[in-house]
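Colleague: Structure incoming, see below.
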Amino acid sequence: MFTVGAGAGAGWAFALGTALLGAALSPAAEALIARLLPRLGGTPVPSARITTAALTGVACGAFALRFGVSWTLPAFLFLAILGVQLARIDFSLHLLPNPLVLALLAGGIALLLAPSTVNQHADNMLRALLGMVILFAGYLILGLISPGAIGMGDVKLAAPVGLYLGYLGWTHLLYGGLLGFILNGVVTIAVVAQKSRKDATEVAHGPSMLGSVLAISLLIP
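Position 100 (the sequence shown) corresponds to 100 in full-length UniProt numbering; numbering is contiguous.
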């Protein structure tokens, strides 16, 4: 993470460059997903693509400020790029495709192994794997108890979300898991307030889960 002082300007410049890189990689990710998963309906409309690229850029820039030039950053940039795509798909289709969730999980494990190996912080990786299991198990229990509120896609997404939150720390895992439900509750209230009870639709939970990782990584050192 960049500190205030002489390096602050370089830190913001690095974050801006990383944000632009993330925004540029967003259309490439969309094209690849459309090619590999044509059942999703191809690439989204231009307005959605612009919004997705902007969100990806913001997330990448925020992670660059948080982690700086480090072995950890590539893992979180991967989360930003693929996570925003998953949020977009879940928001529009209420679907979290298994291949993309699995790719986020496998890619996250592989990329998080790098800092653990180089810096010999094996405890971070062990905590990440435990976080993956804990959050997945928690969502699975909730999904079985209340299948109408938690879908199996959300249960599967809990594994990579728990992986990243667990890597950051136990506090991050606890508050990140809770924040996902809080964000979803706020969004649900906003949607219901704008629609009648008859017209109200189910609110996708995936975007709130993914957004909690970004928020917690920035709010908790």
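Positions of the beta carbon are idealized from the N, C-alpha and C atoms, including for glycine.
Got a sec? Which residues, its chain only, sit under 7 Å from P147 by beta carbon, not counting five neighbours each side?
Modeller: Here residue 147 refers to the residue found at position 147 when the sequence shown is read from its first residue. Excluding positions up to five away in sequence, the list is empty.
Colleague: Does D123 pass the burial test, meaning 16 or more other C-beta atoms within 10 Å, or should it be called exposed?
Modeller: For this step, residue 123 is matched to residue 123 along the sequence shown. By the neighbour-count rule (16 or more Cβ atoms within 10 Å), D123 is not buried but exposed.
Colleague: Suppose you measure from the CA of M152 to the CA of L55; what does that come to, to the nearest Å?
Modeller: The residue given as residue 152 occupies position 152 in the sequence shown. The residue given as residue 55 occupies position 55 in the sequence shown. Answer to the nearest angstrom: the Cα atoms are 25 Å apart.
Colleague: Whose C-beta lies closer than 6 Å to the C-beta of T43 among residues of the same chain, with five residues either side of it excluded?
Modeller: Within the sequence shown, numbered from 1, the residue matching residue 43 stands at position 43. Within the same chain, T43 has close Cβ partners E30 and A34.
Colleague: On a CA-only basis, which of P27, L111, P38 and M209 is nearest I50? Give me that one, please.
Modeller: The residue you call residue 50 lines up with position 50 of the sequence shown. Among P27, L111, P38 and M209, the Cα nearest to that of I50 is on P27.
Colleague: Apart from the five residues just before and just after L111, which ones in its own chain have a Cβ nearer than 7 Å to its Cβ?
Modeller: Taking the first residue of the sequence shown as 1, we reach residue 111 at position 111. Correct list, in chain order: P74, A75 and F78.
Colleague: Where does T117 land, buried or exposed, given buried means 16+ other C-beta within 10 angstroms?
Modeller: Sequence index remark: in the sequence shown, residue 117 carries index 117 (1-based). T117 is exposed by the Cβ-count criterion.
Colleague: Express the C-alpha separation of A158 and A114 in angstroms, rounding to a whole number.
Modeller: Mapped onto the sequence shown, residue 114 falls at position 114. Mapped onto the sequence shown, residue 158 falls at position 158. It is roughly 22 Å from the alpha-carbon of A114 to the alpha-carbon of A158.
Colleague: Give the straight-line distance between the Cα atoms of L65 and V213, rounded to the nearest whole angstrom.
Modeller: Walking along the sequence shown from the start, residue 65 turns up at place 65. Walking along the sequence shown from the start, residue 213 turns up at place 213. Distance between the alpha carbons of L65 and V213: 15 Å.
Colleague: Going by other Cβ atoms of all chains shown within 10 Å of its Cβ, with 16 needed for buried, is P97 buried or exposed?
Modeller: Residue mapping note: residue 97 aligns to position 97 of the sequence shown, counting from 1. Buried, since its Cβ has 16 or more Cβ neighbours within 10 Å.
Colleague: State the start and end residues of the unbroken alpha helix (DSSP H) segment that holds L111.
Modeller: Translated into positions along the sequence shown, residue 111 becomes position 111. Segment N98 to V118, the alpha helix (DSSP H) holding L111.
Colleague: Taking the alpha-carbon of F136 as reference, which of N119, V101 and L168 has the nearest alpha-carbon?
Modeller: As a first step, residue 136 is located in the sequence shown; it is residue number 136 there, counting from the start. Of the candidates N119, V101 and L168, the one whose C-alpha sits nearest the C-alpha of F136 is V101.
Colleague: Going by beta-carbon coordinates alone, are M132 and G176 separated by less than 8 Å?
Modeller: Taking the first residue of the sequence shown as position 1, residue 132 is located at position 132. Taking the first residue of the sequence shown as position 1, residue 176 is located at position 176. No, they are not a contact pair.
Colleague: Roughly how many whole angstroms lie between the Cα atoms of C60 and A80?
Modeller: Position 60 of the sequence shown, counted from the first residue, corresponds to residue 60. Position 80 of the sequence shown, counted from the first residue, corresponds to residue 80. Cα-Cα distance, rounded: 6 Å.
Colleague: Looking at the structure shown, is S70 part of a helix, part of a strand, or coil, going by DSSP?
Modeller: Along the sequence shown, read from residue 1 onward, the residue named residue 70 stands at position 70. Residue state, collapsed to three classes: coil.
Colleague: If I'm right that R127 touches G180 with Cβ under 8 Å, what's the distance once you round it to whole angstroms?
Modeller: Here the question's residue 127 lines up with position 127 in the sequence shown. Here the question's residue 180 lines up with position 180 in the sequence shown. Not really, about 19 Å apart at Cβ, beyond 8 Å.
Colleague: Enumerate in chain order the residues of its own chain whose CB-to-CB distance from L104 is below 6 Å, with the five nearest sequence positions on each side excluded.
Modeller: Taking the first residue of the sequence shown as position 1, residue 104 is located at position 104. The answer, listed in chain order, is L82 and P160.
Colleague: Let's see if you can read the secondary structure: which residues bound the alpha helix (DSSP H) around V133?
Modeller: Within the sequence shown, the letter at position 133 stands for residue 133. Unbroken alpha helix (DSSP H) run through V133: A122 to I145.
Colleague: For the candidate residues G11, P46 and L86, whose alpha-carbon lies nearest to that of G206?
Modeller: In the sequence shown, residue 206 corresponds to position 206, counting from 1. Taking only the C-alpha atoms, the option nearest G206 is L86.
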